[in-house]
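The opening residue of the sequence shown carries number 18 in the numbering used here; numbering runs sequentially from there.
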Amino acid sequence: MFVSSPLCCPSRSSIFTCKYVHNHHAINNSVSGGCSSHSWQTEQETNTFPVYLQKHGYKTFFAGKYLNQYGFPKTGGPEHVPPGWDWWNGLVGNSRYYGYSESVNGTKVKHGNDYHTDYYTDVIHRRGVEFLSQQNSDNGPFFMMLSTPACHAPFTPAPQYSGNFSNRSAPRDPIYNTRGKNKHWLVRNALYPMPNDTVVRVDEEFRNRWRTLLSVDDMVEDIITLLKNKNLYHQTYLIFSSDNGYHLGQFSMPEDKRQLYEFDIRVPLMISGPGIKPGQTRDDMVMNIDIGQTILDLAGAGTMSQADGITLVPLFPTDHKHLNRTEILIEHSGESQENIKGCPQLAGQRMANCDNHCVCEDSWNNTFNCLRLMTTSKNYKYCQIYETKTFIEVYELNSDIWEENNIKDDIEPSLLKYFNTRLQKLIKCLGNTCY
Numbered sequence: 018m019f020v021s022s023p024l025c026c027p028s029r030s031s032i033f034t035c036k037y038v039h040n041h042h043a044i045n046n047s048v049s050g051g052c053s054s055h056s057w058q059t060e061q062e063t064n065t066f067p068v069y070l071q072k073h074g075y076k077t078f079f080a081g082k083y084l085n086q087y088g089f090p091k092t093g094g095p096e097h098v099p100p101g102w103d104w105w106n107g108l109v110g111n112s113r114y115y116g117y118s119e120s121v122n123g124t125k126v127k128h129g130n131d132y133h134t135d136y137y138t139d140v141i142h143r144r145g146v147e148f149l150s151q152q153n154s155d156n157g158p159f160f161m162m163l164s165t166p167a168c169h170a171p172f173t174p175a176p177q178y179s180g181n182f183s184n185r186s187a188p189r190d191p192i193y194n195t196r197g198k199n200k201h202w203l204v205r206n207a208l209y210p211m212p213n214d215t216v217v218r219v220d221e222e223f224r225n226r227w228r229t230l231l232s233v234d235d236m237v238e239d240i241i242t243l244l245k246n247k248n249l250y251h252q253t254y255l256i257f258s259s260d261n262g263y264h265l266g267q268f269s270m271p272e273d274k275r276q277l278y279e280f281d282i283r284v285p286l287m288i289s290g291p292g293i294k295p296g297q298t299r300d301d302m303v304m305n306i307d308i309g310q311t312i313l314d315l316a317g318a319g320t321m322s323q324a325d326g327i328t329l330v331p332l333f334p335t336d337h338k339h340l341n342r343t344e345i346l347i348e349h350s351g352e353s354q355e356n357i358k359g360c361p362q363l364a365g366q367r368m369a370n371c372d373n374h375c376v377c378e379d380s381w382n383n384t385f386n387c388l389r390l391m392t393t394s395k396n397y398k399y400c401q402i403y404e405t406k407t408f409i410e411v412y413e414l415n416s417d418i419w420e421e422n423n424i425k426d427d428i429e430p431s432l433l434k435y436f437n438t439r440l441q442k443l444i445k446c447l448g449n450t451c452y
């Protein structure tokens, strides 16, 4: 599955609204960038897919990370409970495993550093089991969304899993620790080769990411077991996915997302439930903006007004037809800080997310729009990165799956013109003009 943006808040906002970033206006993780801002709450949050579910008679439950700026005083505090939720357990701010606060139906609850009471994935786990234990086939339909911190930074595993995968390392794919030639300046200027301490750090982060997911495995197992014990499993749909991809050393970029390449813009999407034969796979072009529309379709709750996404239900039968979609849009607006601690040489350069070697993963002009085009015979990515002047990257992914070769200077000008025309259309699209 493709995400609308390789960054938490814009992507999550797309999941809830079923809209591209240019239509929900949460362009990055900051309040000034629209993340859980007052304007987002008044103009977008009132028209999310859980609002439609609730109106259709569903009991709705949320536990976990919502939006990066949620719950702070400048965004309404933990007293603000987003519309559409009957039971609300929302994390204040960004992902944490210990030492966080959450809003429990509008009341602030603080957590400390005790694994048995505070480890956040397990708190979400317990809250989900508690809600599910109250459900049965006689008291109406329900929707439950569990949004764990795993496997987000700070990558803190549960103590019983802290030693797992000790012999594993970050994948050494063909672009690991290589130079990002012919790419936009932020990638092109990454420190190559990566210093040894960076390699060691990246490998440990890879292991810890996997370790945090073992607690998610425990949660999924208990949820499925409970559904089966309550005779609800065969009438319940389960959807498993994420909000963005991640890189660990690709093109010598140490660890983050925020880039236009496949490793940052693609995530797993798994769906099970009535009428879906186990083990099937689909190669259609699907997006996170489709998830809410799909849920509403399954619930018989209609469709959302001005949604850019489409339902994926037609893909469920074994004799399915392919979606009538060959083009999608990826958007990212770079963030910046005036001063980076430990990197005085970067003062005033408006960089962000920099490591101890002052290698930065984002900047004000790491801002791009990408056209992703896939047909039975074509597989292209065309990106415009808005630096001092627009920088173009083009990849033909049938022959270059690792996106090593930027072919912008090698293809016909007419094809570049076509790509630009299609991209400009998507940048302005709304609703059914987006596909």
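The beta-carbon is built from N, C-alpha and C at its ideal position, and this holds for glycine as well.
Keep in mind it's a predicted model, so treat the numbers as computed, not measured.
Reference Cys-387, options Met-368, Thr-438 and Asp-379, closest by Cα: The residue you call residue 387 lines up with position 370 of the sequence shown. With distances taken between Cα atoms, Cys-387 lies closest to Thr-438.
Start and end of the beta strand (DSSP E) containing Glu-410? By 1-based counting over the sequence shown, the position of residue 410 is 393. Going by DSSP, Glu-410 is part of the beta strand (DSSP E) stretching over 407-413.
Decide if Tyr-114 is buried, meaning its Cβ has at least 16 other Cβ atoms within 10 Å, or exposed. Locating residue 114 in the sequence shown gives position 97, where the first residue counts as 1. Buried is the call here.
Beta-carbon separation (whole angstroms), Cys-26 vs Asn-40, contact threshold 8 angstroms: Taking the sequence shown and counting its residues from 1, the one referred to as residue 26 is at position 9. Taking the sequence shown and counting its residues from 1, the one referred to as residue 40 is at position 23. Contact between Cys-26 and Asn-40 does not hold, since their C-beta atoms are separated by about 15 angstroms, which reaches or exceeds 8 angstroms.
Quick one: what's got a C-beta closer than 7 angstroms to Asn-318's C-beta in the same chain, skipping five residues either side? Looking up residue 318 in the sequence shown gives position 301. Reading off the sequence, residue 318 comes out as Ala, not Asn. Here the set comprises Tyr-69, Leu-70 and His-73.
Can you tell me which residues form a DSSP beta bridge with Ala-80? Residue 80 sits at position 63 when you count from the first residue of the sequence shown. Under DSSP, Ala-80 shares a beta bridge with Asn-106 and Leu-163.
So the beta strand (DSSP E) Lys-127 belongs to, where does it begin and stop? By 1-based counting over the sequence shown, the position of residue 127 is 110. Taken as a continuous stretch (DSSP letters only), the beta strand (DSSP E) holding Lys-127 covers 124-127.
With distances taken between CB atoms, is the gap from Met-304 to Phe-19 smaller than 9 angstroms? One-based indexing of the sequence shown puts residue 304 at position 287. One-based indexing of the sequence shown puts residue 19 at position 2. It is a contact, given that the beta carbons lie within the stated cut-off.
Three or more C-beta pairs under 8 angstroms: does that hold for the region 107-126 against the region 80-88? The region 107-126, when compared against the region 80-88, does touch it at the 8 angstroms Cβ threshold.
Considering Cα atoms alone, identify which of Ser-22, Cys-377 and Lys-200 is closest to Phe-408. Stepping through the sequence shown from its first residue, residue 408 is reached at position 391. Minimum Cα distance to Phe-408 is reached at Lys-200.
Could you tell me whether the Cβ atoms of Leu-329 and Leu-346 are closer together than 9 angstroms? Within the sequence shown, numbered from 1, the residue matching residue 329 stands at position 312. Within the sequence shown, numbered from 1, the residue matching residue 346 stands at position 329. For Leu-329 and Leu-346, no; Cβs fall outside 9 angstroms.
From which residue to which residue does the alpha helix (DSSP H) around Cys-26 run? Here residue 26 corresponds to residue number 9 of the sequence shown, with the count starting at 1. It spans 25-34 - the alpha helix (DSSP H) in which Cys-26 sits, taken as one unbroken run.
Do Ser-54 and Thr-92 have their beta-carbon atoms positioned less than 9 angstroms apart in this structure? Residue 92 sits at position 75 when you count from the first residue of the sequence shown. Residue 54 sits at position 37 when you count from the first residue of the sequence shown. Yes, the Cβ-Cβ distance between Thr-92 and Ser-54 is below 9 angstroms.
Do Val-237 and Asp-260 have their C-beta atoms within less than 9 angstroms of each other? Stepping through the sequence shown from its first residue, residue 237 is reached at position 220. Stepping through the sequence shown from its first residue, residue 260 is reached at position 243. No.
May I ask you to report which of helix, strand or coil DSSP gives Leu-340? Taking the sequence shown and counting its residues from 1, one reaches residue 340 at position 323. Leu-340 falls in the coil class under three-state DSSP.
With a floor of 3 residues, list each beta strand (DSSP E) that falls wholly inside the region 213-279, ordered by position along the chain. You should have 255-258.
Terminal residues of the continuous alpha helix (DSSP H) containing Tyr-435? If you number the sequence shown from 1, residue 435 lands on position 418. First-last of the alpha helix (DSSP H) with Tyr-435: 430-444.
Under 8 angstroms: does the beta carbon of Tyr-397 sit that close to some heavy atom of the ligand SAM? In terms of ligand content, the structure shown is empty, and the ligand SAM therefore cannot be addressed.
Same chain only: Cβ atoms within 6 angstroms of Cys-400, ignoring 5 sequence neighbours per side: Indexing the sequence shown from 1 puts residue 400 at position 383. Within the same chain, Cys-400 has close Cβ partners Leu-277, Phe-385, Cys-387 and Glu-410.
Cα-Cα separation, Glu-404 to Glu-344: To locate residue 404, count along the sequence shown from 1; it is residue 387. To locate residue 344, count along the sequence shown from 1; it is residue 327. CA-to-CA, the gap between Glu-404 and Glu-344 works out to about 24 angstroms.
Among Asp-379, Asp-155 and His-337, the one whose alpha carbon lies nearest that of Ser-353: The residue labelled residue 353 in the question sits at position 336 within the sequence shown. The shortest C-alpha separation from Ser-353 is found at Asp-379.
For Tyr-115, does the three-state DSSP call read helix, strand or coil? In the sequence shown, residue 115 corresponds to position 98, counting from 1. In the three-state reduction of the DSSP assignment, Tyr-115 falls in the coil class.
If we ignore side chains and look at the alpha-carbon of each, how far apart do Ser-232 and Pro-176 end up? Walking along the sequence shown from the start, residue 232 turns up at place 215. Walking along the sequence shown from the start, residue 176 turns up at place 159. So the alpha carbons of these two residues sit roughly 10 angstroms apart.
Residues that Lys-398 bridges to, as DSSP identifies them: As a first step, residue 398 must be located in the sequence shown, where it is residue number 381. Looking at the DSSP assignment, Lys-398 forms a beta bridge with Arg-389 and Tyr-412.
Within 9 angstroms, strictly: CB atoms of Lys-36 and Ala-324: Reading the sequence shown from its first residue, position 19 is the one you call residue 36. Reading the sequence shown from its first residue, position 307 is the one you call residue 324. Taking 9 angstroms as the Cβ cut-off, Lys-36 and Ala-324 qualify as a contacting pair.
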